[in-house]
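In what follows, a structure is listed as C-alpha cells, so that the remarks can point back to it.
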Amino acid sequence: MSGTADQGPRLRPSLDGIPSYKPGKPAGADAFKLSSNENPYEPLPGVLEAAVAAAGAINRYPDMAATELTEELAKRFDVPAEHIALGTGSVSVAQSLVLSTAGPGDEVIFAWRSFEAYPIITQVAGATPVQVPLTADEAHDLDAMLAAITPHTRLIFVCNPNNPTGVAIRRAELERFMDAVPSDILVVVDEAYREFLRDEQVPDGIGLYRDRPNVCVLRTFSKAYGLAGLRVGFAIAHEPVATALRKTAVPFGVSQLAQDAAVASLHAEDALLVRVAALVEERTRVAAALAEQGWELAESQANFVWLRLGDRTMDFAAAAAAAGVIVRPFPGEGVRVTIGETAANDIFLSVAQAFRAEL
Ligand SMILES: Cc1ncc(COP(=O)(O)O)c(C=O)c1O
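In this text, residue positions in the sequence shown follow UniProt numbering: the first is 1, and each later residue adds one.
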C-alpha cells in the first residue's frame, strides 16, 4: 500500500483554480432581494397544489424519464420528446453539456462577463475556459468569439440575452455566427431569460436549433416560471447530444415535486404571461427613470438591469443594502439589479438617484 497515514485524500489539483459560485446575497427580514434574478411572485395557480400532492409520495423515487413533463414540453415547443433533456436547473444541464463534449485539453468559449457558472463547469470537466470580452456596448463580440475558435474548441455558450448585461443578439448577427462555426462544435444558446424578451429581431433559439444539428437551446423554469427553488431546467438538442445529456445527468435528479410543479406551471401559462408582462413594464419604467437620472444603460431584454460602476461598484451595493435592497455586485465591474416588486424597484431608483449626484 502506498501513502501515509496522515495524508488526506488526493484531490484533483485542477480544482484549486476553480472559483466558487457566488450566489446572490440573501436579504434580511426587512430588505428586498434583487440579487438573483428571481421572480418576485408567489407560485402560479395550481402549482403549489401539484407540489403538495407530489410531496405525499416522497418515499418513492421520481419518474426518471420525467415522462409527463417531457411530453408537455415536446408539445409546447413542437419538438420530438427524445430531443428534450432535463436537469436540476438549467445550470446542471449546462454542466452535462460540458461533460458531454469537453475534457482536459479541450476548450469552451463564452463571452465575459456572462453567466458566472460557465467558467466553473468548464473547469470542473477539466477543460479550458476561453473568455471573450464583451464589446464596449455590453454585447457578445461574435467576431472575436469566431476568431477564438481553435482545433481544441468543443463547445460555445451564447447567452441570449446575456447575464448580467441584459443585451440580446439579433437574428442576422446570430445566424451569421452559427453559419461560420464548424459543424463539429456544439453551440449552446442559453435562453434562461427568453420570456422577458420584447425585441422582435431577436430570434428564438428553438428556431435556430431545428435545422442545425450542432445547436442546442437551454431553458429554465427558475426565472419567468418562478420555480427557482425546485430546480428544473432543460435542453432541446438533437440526437446524439440529447442522449449524451441523459447519460451524464445525475440519475433521478429532478424530483417529482419539481416535475409536477413544472407541468402545472405550463398549464398556467396565461397567468404567467400576465406576470411577465408586468415585470417587463416595470423594467421599462426602471430603465426610463435611470436614463432620466443620467445613467447610460445598455438595453436589457431580461428581468434585470446592469450598471457599469467600475471601482464604485461595492459602494453602490453598500448604499443599496443600507436602503433595503440587496443587489448583485461584480467587484470592479458593475452591479446587476433584478426587477422585483414595485416597492423594491423604487428603493433601488432612489439609491441610484442619490448615487448619480455624487458621481
Ligand atoms: C444565463 C443563465 N443560465 C442558466 C442559469 C441557471 O438557472 P437554473 O439552474 O436555475 O435553471 C442562470 C441563472 O442565473 C442564468 O443566468
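All C-beta atoms in this analysis are idealised placements derived from N, C-alpha and C, irrespective of residue type, glycine included.
At a threshold of 7 Å, does residue i count as lining ligand 1 (C-beta to nearest heavy atom)?
{"i": "THR248", "result": "no"}
{"i": "SER222", "result": "yes"}
{"i": "VAL91", "result": "yes"}
{"i": "PHE196", "result": "no"}
{"i": "PHE330", "result": "no"}
{"i": "PHE115", "result": "yes"}
{"i": "ASN37", "result": "yes"}
{"i": "GLY233", "result": "yes"}
{"i": "ALA242", "result": "no"}
{"i": "residue 361", "result": "It is not possible to answer for residue 361, since the shown part of the chain is limited to 1 through 359."}
{"i": "ALA192", "result": "yes"}
{"i": "ASN345", "result": "no"}
{"i": "ALA287", "result": "no"}
{"i": "ALA66", "result": "no"}
{"i": "ALA258", "result": "no"}
{"i": "ASN303", "result": "no"}
{"i": "ALA139", "result": "no"}
Using beta-carbon positions only, say whether residue i and residue j come within less than 8 Å of one another.
{"i": "VAL286", "j": "VAL274", "result": "no"}
{"i": "ASN160", "j": "GLY205", "result": "yes"}
{"i": "SER20", "j": "ALA244", "result": "no"}
{"i": "GLN201", "j": "ARG170", "result": "yes"}
{"i": "PRO43", "j": "GLY226", "result": "yes"}
{"i": "LEU134", "j": "ALA111", "result": "yes"}
{"i": "GLU195", "j": "LEU218", "result": "no"}
{"i": "VAL52", "j": "GLY233", "result": "no"}
{"i": "LYS223", "j": "ASN39", "result": "yes"}
{"i": "ILE121", "j": "VAL98", "result": "yes"}
{"i": "GLN301", "j": "LEU142", "result": "no"}
From the DSSP output, in three-state form, read off residue i for me.
{"i": "LEU297", "result": "coil"}
{"i": "ARG113", "result": "coil"}
{"i": "THR313", "result": "helix"}
{"i": "ARG60", "result": "coil"}
{"i": "ILE206", "result": "helix"}
{"i": "GLN256", "result": "helix"}
{"i": "ARG194", "result": "helix"}
{"i": "VAL327", "result": "coil"}
{"i": "ARG12", "result": "coil"}
Below 8 Å on the Cβ atoms is my guess for residue i versus residue j; work out the distance and round it to an integer in Å.
{"i": "GLY334", "j": "ARG308", "result": "4 Å"}
{"i": "ALA148", "j": "VAL132", "result": "5 Å"}
{"i": "PHE348", "j": "LEU34", "result": "6 Å"}
{"i": "SER96", "j": "ALA258", "result": "With 8 Å as the limit, SER96 and ALA258 do not qualify as a contact, their Cβ atoms being about 16 Å apart."}
{"i": "ALA85", "j": "ALA242", "result": "5 Å"}
Tell me, which residues are paired with residue i by DSSP?
{"i": "LEU86", "result": "PHE234"}
{"i": "GLN131", "result": "PHE110"}
{"i": "PHE32", "result": "VAL325"}
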